[in-house]
Every structure is written in C-alpha cells, then in structure tokens.
Amino acid sequence: MKLNERHAILSPRVLLVPYCAHHVPTYHAWMQDEELQKLTASEPLSLGEEYAMQASWRRDVDKLTFIICTSPPSPSSPSPTSCSSSSSSHQPSNSHHRITPGKEDAPENMIGDVNLFLYPSSDNDSDFDSDAASVSQESGNKAVVGELEIMIARPDLRGKGFAKEALRAFIWYVSASLGAMLDEYDSNTEDKRRSHITYLRVKIAQENIRSINLFQGVGFARTGSEANYFGEVELRTQVVGGRLVHVGNMDGMESVASVVEYRL
C-alpha cells in the first residue's frame, strides 16, 4: 500500500517504518534461516525476487507492511505513559519529528516485520460474525477480512516484549486508518461498493505457543480447538463500526505512540 509510504510509527521501544528497497538485503538475510522459514511458512527467495516482492508490496492495495526497528534514543520520543489511559481521540497524533530512511532504520536497528493482508470474505468467514455479515449485506458493502502477520527475526530479541509493543502500535495505526486504507483498497476495482472489514485474523503454527499467547494477550480468540490441515490454529477479533471490539487498551495508544514523517 501507498498509505504508509511517508508514515513511521514511533513508540518507546519500537519504530515501525515502511518496507523499502534499502531494507531488502537485511530482510533477505533473515529469510535464509530455516527456523524463520518454518515459523512464517515461507519459501526462500533470491535477492532479486525479494526486491521484486518489496516493490510489488508497495504498489499492492491489499498489503500494508512495516519493518520493525528498535526505537531511536531521543529525549523527544513519546513518553512511556500507561497504555490504559483514556482518550477520546483515536487518530494518529501529529508530530514535528522526522525519521530519515536509512538512518534510524539502518540494518543494525532492524528486528522484524509486521503486515496486514486484505482478502474478500468468504461464506465460511461470515460464520464467525453473523451480525457484521448482515450489516455488510444490508448496507451493500463488500465484506473484507484482514490477516495479520508479525515476525521478530532476531533470536536475541524474542520474548522481550518487542513483538507485543509492535503489534499493539500496528493495530492502533490500522484501527485509526481504516477509512483511508479501505479507500485505497477499493481504488483498484470497478465495483463501487464500499468495503467493510468484519474481523482481523491470524494463522499460527500450533506449536508456536509464544505467538498464540501474544495474540490472545491483545484480545484475539481461537476459532476452534483443533489445528487445520496445515497444522495452524486461527485466532480472530471482531471489527464493528470501524472498531476492534475485543482488542483492549487501544484508546490510550496515543499517549505512547505517534505517527511521524518518514522521508529524506
């Protein structure tokens, strides 16, 4: 997506930046690791294929992706106030900060990625939330499902809370940007109906207990007790009226995260 091409998300511990060409060599090196390939159900690509995929993902209207970096040390970074604080606003906050491509997101600061993929909802999908599906049908909207993926590529930084902070900041950005995101998604079709996200989901290998606990910890719920044919379990959270109804403590994210300008 082009939605986030000039947006970075800054929080006390993580910096999320758009996936750009200068990130590709490091990302490619990560994905040569067999453990990561297994955890992400990915096949290794050549460096040229990685560059082509990065360029494609920037253009594709159904993919929103950020590289996760450690947050740069700065006295002007957002204060680490509790995320449980209340706020009536749920829009990305304005800031005079600027993140410079290739500087704060240099290879030594990169630690992973987080992505959202949009798919047309199937009939089976609507079983999860018949009310949301009915609203879409009655309003003439197109039902869409958002699928999340997150990866901490550096083994030394797993289990230290980086994934949780990155996931919460990303979900906050997605929730605050739903309208613009769906406008871009709808721009690539002749179907003039408005798209409507009914829920977010994640598919995780059943043995990846750490990731399952991560998503359950922010409000996702398993859809069943058994894994699918591929050995994956699915977790979902409902979206109603543009809000993620079961994802907790998002309203206070403005106090710890901000959208900042990303440009040279």
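For the sequence shown, the UniProt record's numbering assigns the number 1 to the initial residue and increments by one for each residue that follows.
By construction, the Cβ of each residue, glycine as well, lies at the ideal position given by its N, Cα and C atoms.
- Rounded to the nearest angstrom, the Cβ distance from N4 to P18 is 5 angstroms, consistent with a contact under 8 angstroms.
- Fewer than three Cβ pairs drawn from the segment 151 to 160 and the segment 184 to 196 lie within less than 8 angstroms of each other, which leaves the two stretches out of contact.
- Just so you know, the alpha carbons of T223 and L264 end up roughly 44 angstroms apart.
- Taking 9 angstroms as the cut-off, the beta carbon of I67 is found no closer than this to the beta carbon of V260.
- G112 places its beta carbon less than 9 angstroms from that of A166.
- Counting of Cβ neighbours within 10 angstroms places E50 among the buried residues, the total reaching 16 or more.
- With a 10 Å radius around the Cβ and a threshold of 16 neighbouring Cβ atoms, D105 comes out buried.
- By the beta-carbon neighbour count (other beta carbons within 10 angstroms, threshold 16), S121 is buried.
- Judged by their CB atoms, A257 and A169 are nearer to each other than the 9 angstroms cut-off.
- Per DSSP, Q54 is one residue of the alpha helix (DSSP H) stretching across 47 to 59.
- Nearest Cα to V240 within the set H196, R210, H22, I204: H196.
- Shown here, Y27 sits in a helix according to DSSP, grouped into three states.
- In the DSSP secondary-structure assignment, G102 is not bridged to any residue.
- The residue from K203, R158, T70 with its alpha-carbon nearest to that of V145 is K203.
- Taking the Cβ atoms as the reference, T70 lies roughly 7 angstroms from L15, within the contact range of under 8 angstroms.
- Setting aside the 5 residues that flank it on each side, I212 is surrounded in the same chain by I204, each with a C-beta closer than 6 angstroms to its C-beta; the list follows chain order.
- Note that the C-beta distance between K63 and L116 is below 9 angstroms.
- Within a 10 Å sphere around the beta-carbon of V245 sit fewer than 16 other beta-carbons, which makes this residue exposed.
- With respect to the 9 angstroms criterion, T237 and F220 are classified as neighbours on the basis of their beta carbons.
- R201 counts as buried, since at least 16 other C-beta atoms from the protein chains shown sit within 10 angstroms of its C-beta.
- Note on geometry: alpha-carbon atoms of E234 and F215 lie some 10 angstroms from one another.
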